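Quick note, the sequences are listed as chains A and B, same order. Residue numbers for the first sequence follow the numbering used here, so the first one is 27 and each next one is one higher. Residue numbers for the second sequence follow the numbering used here, so the first one is 11 and each next one is one higher. Below is one structure, written out as structure tokens; the observations come after it.
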Amino acid sequence: MEPTCSPAPKPQAKAPAYKLTSRVTHPQNSLIPLGSFVIGGPEFIIMAGPCSVEADPQMLGTAWDVKVAGAHIIRGGAFKPRSSPYSFQGLAEEGLKKLASARELTGLAIVTEVMDSTDVDLVSSYADILQVGARNAQNFSLLKRLGQLNKPILLKRGLMNTVEEFLCSAEYILAGGNPNVILCERGIRTFETSTRNTLDLSSVLAIKEKSHLPVIVDPSHASGKAHYVAPLSKAALAVGADGLMIEVHCDPANALCDGEESLNPEQFKELMLTLKDLAPHFGRQISTIANHNPQLAENA
Amino acid sequence: MTVDTDSLTPLRQQIDHLDERLLELIQQRARVAIELGKIKKNLSLPVMDLVRERTVLTRLTQNVTPGQGLGSEAVAAVFTEIIKTCREAQAPIKVAFLGPAGTFSHAAALQQFGRLATFIPGDDLTEVFRTAESGEADFALVPFENTTEGIVGQTLDLLTATNLRVQATLNLRVNLALMSAHGDISRLKVISSHPQALAQCRNWLALNMPGVELRPTVSTAAGATLAINDDSCAVIGHPALASFYKLNVMSGGIEDFQHNQTCFLILSRDDSPITGHDRTLMWFAAPHNSGSLYKCLQPLADAGVNLTRLHSRPNPKSPWEYLFFLELEGHFKEEGVIKAIKALEAESDKLTILGSYEPPESPINPLNNRS
Numbered sequence: 027m028e029p030t031c032s033p034a035p036k037p038q039a040k041a042p043a044y045k046l047t048s049r050v051t052h053p054q055n056s057l058i059p060l061g062s063f064v065i066g067g068p069e070f071i072i073m074a075g076p077c078s079v080e081a082d083p084q085m086l087g088t089a090w091d092v093k094v095a096g097a098h099i100i101r102g103g104a105f106k107p108r109s110s111p112y113s114f115q116g117l118a119e120e121g122l123k124k125l126a127s128a129r130e131l132t133g134l135a136i137v138t139e140v141m142d143s144t145d146v147d148l149v150s151s152y153a154d155i156l157q158v159g160a161r162n163a164q165n166f167s168l169l170k171r172l173g174q175l176n177k178p179i180l181l182k183r184g185l186m187n188t189v190e191e192f193l194c195s196a197e198y199i200l201a202g203g204n205p206n207v208i209l210c211e212r213g214i215r216t217f218e219t220s221t222r223n224t225l226d227l228s229s230v231l232a233i234k235e236k237s238h239l240p241v242i243v244d245p246s247h248a249s250g251k252a253h254y255v256a257p258l259s260k261a262a263l264a265v266g267a268d269g270l271m272i273e274v275h276c277d278p279a280n281a282l283c284d285g286e287e288s289l290n291p292e293q294f295k296e297l298m299l300t301l302k303d304l305a306p307h308f309g310r311q312i313s314t315i316a317n318h319n320p321q322l323a324e325n326a
Numbered sequence: 011m012t013v014d015t016d017s018l019t020p021l022r023q024q025i026d027h028l029d030e031r032l033l034e035l036i037q038q039r040a041r042v043a044i045e046l047g048k049i050k051k052n053l054s055l056p057v058m059d060l061v062r063e064r065t066v067l068t069r070l071t072q073n074v075t076p077g078q079g080l081g082s083e084a085v086a087a088v089f090t091e092i093i094k095t096c097r098e099a100q101a102p103i104k105v106a107f108l109g110p111a112g113t114f115s116h117a118a119a120l121q122q123f124g125r126l127a128t129f130i131p132g133d134d135l136t137e138v139f140r141t142a143e144s145g146e147a148d149f150a151l152v153p154f155e156n157t158t159e160g161i162v163g164q165t166l167d168l169l170t171a172t173n174l175r176v177q178a179t180l181n182l183r184v185n186l187a188l189m190s191a192h193g194d195i196s197r198l199k200v201i202s203s204h205p206q207a208l209a210q211c212r213n214w215l216a217l218n219m220p221g222v223e224l225r226p227t228v229s230t231a232a233g234a235t236l237a238i239n240d241d242s243c244a245v246i247g248h249p250a251l252a253s254f255y256k257l258n259v260m261s262g263g264i265e266d267f268q269h270n271q272t273c274f275l276i277l278s279r280d281d282s283p284i285t286g287h288d289r290t291l292m293w294f295a296a297p298h299n300s301g302s303l304y305k306c307l308q309p310l311a312d313a314g315v316n317l318t319r320l321h322s323r324p325n326p327k328s329p330w331e332y333l334f335f336l337e338l339e340g341h342f343k344e345e346g347v348i349k350a351i352k353a354l355e356a357e358s359d360k361l362t363i364l365g366s367y368e369p370p371e372s373p374i375n376p377l378n379n380r381s
């Protein structure tokens, strides 16, 4: 006898690991609008700010310096995934409020990390972009939850993830119905110890080949050294990344988290001017620093 | 069925007697207020003392026992009218606001100053400021911030070029009502108002008034004029306008979003006294280099003075430079605050204190305070 109900569909012999993320299904680059900017287009998007949100005036002071230097988006961690439970864990909602006041001051969008599915509603009530950290890159219940949102998600590459696994993580968010995913290369774990992680710049090329999603690079976490940040940033622009995420602290020596990899505002301003000059050579632009800005005249 | 009206008579007599006593007491209060007004005039003090008026009201409502007669809100409403009316007997208050009649600024002014004040509508904010600066009006009431639209940039610009002082702030919920001359909802064919007000009630109108024509007008006031003259027409606006235009409220609270509110500043030529829970608004320019804002804010953190607001605004006189509007906890005449402001001033290019005031009960967009 034939069974009356239809049988469950057999898994395909070789199901593709990711579909919606693939360039096959979406040949054009994805463009993610955010306020007056578009991520993934000609504008080279800079996200900058302190590693973690601290007490005033650190957040407001740094946010202002970063805006004046030409950043598009302000970053800052309120929930911090630290290797040690004894390290500073972040200010939680208090920190989110400080980020919101930085947005109020600067008019720039804010990106901040969400570590747990239970915090998604809270974080998305403050943030313009929600970040998934490297340590959560394969937290699939979190990724599924973020798939239900409409807000852009900044997905960092896991420390031990191949490019294919990285794209599979993005697929979870897209499959849930949220197409607004920005990928972020932030270095992977290798046998090399001279930098904190090994920044895999060639992954930008591999991702661009396989996927339509925008990719940015985080040279701060990858290198762990402030003086590596500017050269790696220039390399990321050259290799075709859509933007950067850079740590800036108004007083790096006294930062509560990752001070050794943070640029001070003066160094950041200098880097921004260099990137603005270089961008047109790679088909990019940075429109947040106008040509008649007196800063340019000073540095010319 | 016959109604036994005899049982009402003794109670009605009691009411009449109590009313006579109330009238006598109110007249007595007015005479004292007029006397007070003369002394204030001799000492060149302003007629309206917002802090004193609030203290009077708080003292009375605190003494209300729940379940005995009126509740504290009702008592506050009755005494607000008494206070405003007696104040008017001292000297009429003149208030400049952003016109025409029927705007939210007008509703806010009515709420703050009462119907007996003289209201001077201005065509634009510049004119509202000027009317109070020249002494033609005692107060200027200007919109400062809205929950959805954000800070009012033009108000900030005008604050940098005025000698007026912020005396008080007022939060007004964007509360909309459907009003008409007769108050009969079944006779309505047209609802008119400013397009923004119509848009803010879109869901309510679709649900409750299907088929009724929505007619956009240049202002709420124009809509109200239509409603006065046409029985089949109603207007949407702030319910405070019902009494101003002699309209009847048919339905209140019809706005789709209940959390939208606007904060207004009340400006005058005088400073308000220390109440113990004040905030101070100021603006300053910071040097154009990295870390300058950080250096300006650090002294406040060192002094333990809480920052409650910080906005930036491009300097109209100098491209690529910004002015900062900062609000902190405390009165600018308090010692700790004076010290902190001095230290901030030393780091800034230019600093002007705009005044101290009591914050509204539920501030719209407070920066998070350090705990």
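Note that CB positions come from ideal geometry on N, CA and C, so glycine has one too. Quantities reported herein were computed from a predicted structural model and do not represent experimental measurements.
Which residues, in order along the segment 306-331 of chain B, keep a beta-carbon less than 7 Å from a beta-carbon of chain A? If the cut-off is 7 Å between Cβ atoms, the segment 306-331 of chain B has Leu307, Gln308, Ala311, Leu317, Leu320, His321, Ser322 and Trp330 near chain A.
State buried or exposed for A:Tyr112, treating a residue as buried only when at least 16 other CB atoms are found within 10 Å of its CB. Taking the first sequence and counting its residues from 1, the one referred to as residue 112 of chain A is at position 86. A:Tyr112 should be labelled exposed.
Same chain, Cβ closer than 7 Å to B:Ala250, neighbours up to 5 away in sequence not counted: The sequence position of residue 250 of chain B within the second sequence is 240, counting from 1. Excluding residues within five positions, the ones whose Cβ falls inside 7 Å are Ala117, Leu120 and Gln121.
Contact with chain B by A:Asp91, beta-carbon distance below 8 Å: For the purposes of this step, residue 91 of chain A is taken as residue 65 along the first sequence, with counting starting at 1. With a threshold of 8 Å between beta carbons, A:Asp91 makes contact with chain B.
Beta-carbon gap between B:Ser302 and B:Ala311 smaller than 8 Å: For the purposes of this step, residue 302 of chain B is taken as the residue at position 292 of the second sequence. For the purposes of this step, residue 311 of chain B is taken as the residue at position 301 of the second sequence. Going by C-beta atoms, B:Ser302 is not nearer than 8 Å to B:Ala311.
CB-CB under 7 Å to A:Ala281, same chain, minus the five flanking residues each way: which ones, in chain order? Along the first sequence, read from residue 1 onward, the residue named residue 281 of chain A stands at position 255. Taken in chain order, the residues that qualify are Pro76, Cys77, His275 and Ser288.
Taking 8 Å as the cut-off, decide whether the C-beta atoms of A:Val189 and A:Ala248 are in contact. Within the first sequence, residue 189 of chain A is the residue found at index 163, counting from 1. Within the first sequence, residue 248 of chain A is the residue found at index 222, counting from 1. Not in contact: A:Val189 and A:Ala248 (Cβ atoms no closer than 8 Å).
Please list, in chain order, the chain A residues whose beta carbon lies closer than 8 Å to that of B:Gly145. Indexing the second sequence from 1 puts residue 145 of chain B at position 135. Simply none; closest approach about 35 Å.
Close beta carbons around B:Ala99, own chain, < 8 Å, minus the five adjacent residues each side: Working through the second sequence from its first residue, we reach residue 99 of chain B at position 89. Residues of the same chain with a CB within less than 8 Å of the CB of B:Ala99, apart from the 5 flanking positions on each side, are Ala40, Ala43, Ile44 and Gly47 in chain order.
Bridge partner(s) assigned by DSSP for B:Arg289: Residue mapping note: residue 289 of chain B aligns to position 279 of the second sequence, counting from 1. B:Glu339 and B:Tyr367.
Return yes when the Cβ of B:Ala252 is within less than 8 Å of the Cβ of B:Ala207, no when it is not. Numbered from its first residue, the second sequence carries residue 207 of chain B at position 197. Numbered from its first residue, the second sequence carries residue 252 of chain B at position 242. Not a contact, by the Cβ cut-off of 8 Å.
Exposed unless 16 or more other CB atoms sit within 10 angstroms - verdict on B:Thr68: By 1-based counting over the second sequence, the position of residue 68 of chain B is 58. It counts as exposed.
Pair within 8 Å by beta-carbon distance, B:Pro102 and B:Ala84: If you number the second sequence from 1, residue 102 of chain B lands on position 92. If you number the second sequence from 1, residue 84 of chain B lands on position 74. No, they are not a contact pair.
On the criterion of 16 or more Cβ atoms from any shown chain inside 10 Å, does B:Thr318 qualify as buried, or is it exposed? Against the second sequence, residue 318 of chain B aligns to sequence position 308. Buried: at least 16 other Cβ atoms inside 10 Å.
Closest to A:Ile242 by C-alpha separation, out of A:Gly61, A:Ala41 and A:Phe70, would be which residue? Residue mapping note: residue 242 of chain A aligns to position 216 of the first sequence, counting from 1. For A:Ile242, the closest C-alpha among the options A:Gly61, A:Ala41 and A:Phe70 is that of A:Phe70.
Can you say whether A:Val50 is buried or exposed, counting buried as having 16 or more other CB atoms within 10 angstroms of its CB? Residue mapping note: residue 50 of chain A aligns to position 24 of the first sequence, counting from 1. Counting Cβ neighbours within 10 Å, A:Val50 comes out exposed, since fewer than 16 surround it.
Tell me A:Pro59's beta-bridge partners as DSSP assigns them. Mapped onto the first sequence, residue 59 of chain A falls at position 33. Answer is A:Val64.
Helix, strand or coil, according to DSSP, for A:Ser259 in the structure here? For the purposes of this step, residue 259 of chain A is taken as the residue at position 233 of the first sequence. It is helical.
From A:Ala153 to B:Ser82, what distance separates their C-alpha atoms? What you label residue 153 of chain A is simply residue 127 of the first sequence in a count that begins at 1. What you label residue 82 of chain B is simply residue 72 of the second sequence in a count that begins at 1. Between A:Ala153 and B:Ser82, the C-alpha separation is close to 40 Å.
DSSP beta-bridge partners for B:Met7? Nothing about residue 7 of chain B can be read from this structure; chain B reaches only from 11 to 381.
Indicate the three-state DSSP secondary structure (helix, strand or coil) for A:His275 in the structure shown. Position 249 of the first sequence, counted from the first residue, corresponds to residue 275 of chain A. Three-state DSSP puts A:His275 in coil, outside helix and strand.
Within this structure, are the beta carbons of B:Gly132 and B:Gly112 separated by less than 8 Å? Here residue 132 of chain B refers to the residue found at position 122 when the second sequence is read from its first residue. Here residue 112 of chain B refers to the residue found at position 102 when the second sequence is read from its first residue. Cβ distance not < 8 Å, so B:Gly132 and B:Gly112 don't count as in contact.
Do you know how far the Cα of A:Pro59 is from the Cα of A:Ile65? Working through the first sequence from its first residue, we reach residue 65 of chain A at position 39. Working through the first sequence from its first residue, we reach residue 59 of chain A at position 33. In a straight line, the C-alpha of A:Ile65 is about 6 Å away from that of A:Pro59.
Which residue's Cα is closest to the Cα of A:Trp90: A:Arg108, A:Gly67, A:Asp226 and A:Leu125? Locating residue 90 of chain A in the first sequence gives position 64, where the first residue counts as 1. Answer by Cα proximity: A:Leu125.
What do you get for A:Asn204, buried or exposed, if any count of 16 or more other CB atoms within 10 angstroms of its CB means buried? Counted from its first residue, the first sequence places residue 204 of chain A at position 178. By the 10 Å Cβ count, A:Asn204 comes out buried.
Do B:Ala106 and B:Ala171 have their C-beta atoms within less than 8 Å of each other? To locate residue 106 of chain B, count along the second sequence from 1; it is residue 96. To locate residue 171 of chain B, count along the second sequence from 1; it is residue 161. No, Cβ-Cβ distance for B:Ala106 and B:Ala171 is not below 8 Å.
C-alpha distance - A:Pro53 paired with A:Lys45, whole-angstrom precision: Mapped onto the first sequence, residue 53 of chain A falls at position 27. Mapped onto the first sequence, residue 45 of chain A falls at position 19. Distance between the alpha carbons of A:Pro53 and A:Lys45 is about 12 Å.
By the three-class DSSP mapping on this structure, what secondary structure does B:His27 have? The sequence position of residue 27 of chain B within the second sequence is 17, counting from 1. In this structure, B:His27 counts as helix in the three-state DSSP scheme.
Given a cut-off of 8 Å on the beta-carbon distance, is the pair A:Leu263 and A:Arg310 in contact? The residue you call residue 263 of chain A lines up with position 237 of the first sequence. The residue you call residue 310 of chain A lines up with position 284 of the first sequence. Yes; because the gap between Cβ atoms is below 8 Å, this pair is in contact.
Do you know offhand how far A:Ala201's Cα is from A:Leu180's? For the purposes of this step, residue 201 of chain A is taken as residue 175 along the first sequence, with counting starting at 1. For the purposes of this step, residue 180 of chain A is taken as residue 154 along the first sequence, with counting starting at 1. Taking the straight line joining both Cα atoms gives about 16 Å.
Can you pull out the residues from the segment 112-131 of chain A whose beta carbon lies closer than 8 Å to at least one beta carbon of chain B? From the segment 112-131 of chain A, only Glu120, Lys123, Lys124, Ala126, Ser127, Glu130 and Leu131 have a Cβ closer than 8 Å to chain B.
Is the segment 215-228 of chain B touching the segment 188-206 of chain B, taking contact as three or more C-beta pairs under 8 Å? When C-beta atoms of the segment 215-228 of chain B are compared with those of the segment 188-206 of chain B, three or more pairs fall below 8 Å, so the two segments count as touching.
Taking the alpha carbon of A:Leu193 as the point to measure from, which residue in A:Thr224, A:Ala81 and A:Pro240 has its own alpha carbon closest? Walking along the first sequence from the start, residue 193 of chain A turns up at place 167. Nearest to A:Leu193 by C-alpha distance, out of A:Thr224, A:Ala81 and A:Pro240, is A:Pro240.
Residues sharing a beta bridge with A:Val137, DSSP: The residue labelled residue 137 of chain A in the question sits at position 111 within the first sequence. In the DSSP assignment, the residues bridged to A:Val137 are A:Arg101 and A:Ile155.
Thinking C-alpha only, which one of B:Phe129, B:Arg64, B:Cys306 and B:Ala191 is nearest B:Ser370? As a working mapping, residue 370 of chain B is identified with position 360 in the second sequence. In the sequence as displayed, the identity of residue 370 of chain B is Pro instead of Ser. Nearest C-alpha to B:Pro370: B:Arg64.
At which residues does the beta strand (DSSP E) containing B:His321 begin and terminate? The count along the second sequence starts at 1 and reaches residue 321 of chain B at position 311. Counting along the chain, B:His321 sits inside the beta strand (DSSP E) bounded by residues Leu317 to Pro324.
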